[in-house]
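Chemist: This is the structure I have questions about; it appears just below.
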Amino acid sequence: LDTVGVVLDLEPCSDPATVSFEMTEATLGIDYTYSFSAGDSEMIPVPDLSVDIPGLGGAGVYMDVVISGNAESLSLSIGIDACIDMGFGVLSCASTLDAADFPIWMLDSTFDFSDVCE
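Sequential numbering from 710 applies to the sequence shown in the working numbering.
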């Protein structure tokens, strides 16, 4: 695993506000893009990206995304979680086992873009 890059494209003035992110990792050839809008709360699997957890095996990497509000008060939370498929559509994620450390928040803030969106 090389350096994982994440690029955000934020459009706070659109209705609803939208965000897209691109995640890249050179060694594994990952280049993944996903978009979401205000009101969304999702766990988004990142194709072909996993981490080894000693004693448990490989865990898939997920983007934990929550966006709400509007240009005057836009809350945006983007984090990384690791989840293992337990079978029958059941995921066990690091955030359910260790909520103090997971997800790893890359961004967790509220912004005021009202001056930009006039």
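Here a beta-carbon is modelled for each residue, glycine too, at the ideal position from N, C-alpha and C. Every value quoted in this text rests on a predicted model; they were computed, and no experiment measured them.
Would LEU717 be called buried (16 or more neighbouring beta carbons within 10 Å of its own) or exposed?
Modeler: Exposed, by the Cβ-count rule.
Chemist: With burial defined as no fewer than 16 other Cβ atoms inside 10 Å of the residue's Cβ, what is the status of ASP790: buried or exposed?
Modeler: Burial call: buried.
Chemist: Using three-state DSSP, classify ALA803 as helix, strand or coil.
Modeler: In the structure shown, ALA803 sits in a helix (DSSP, three-state: H, G or I).
Chemist: Do you know whose CA, among PRO725, PHE811, MET795, lies nearest VAL744's CA?
Modeler: The question names Val, yet the displayed sequence has Ser at residue 744. Comparing Cα positions, the closest option is PRO725.
Chemist: Can you tell me the Cβ-Cβ gap for LEU783 and PHE811, rounded? I've got them flagged as a contact below 8 angstroms.
Modeler: LEU783 to PHE811, Cβ: 24 angstroms. No contact.
Chemist: I'd like the span of the beta strand (DSSP E) that includes VAL825, first residue to last.
Modeler: Premise fails: VAL825 is in no beta strand (DSSP E) and is neither H nor E.
Chemist: Taking 8 angstroms as the limit between beta carbons, can you name the residues of its chain near GLY767, skipping five residues before and five after?
Modeler: Closer than 8 angstroms at Cβ, skipping near neighbours: SER759, VAL760, ASP761, ILE793.
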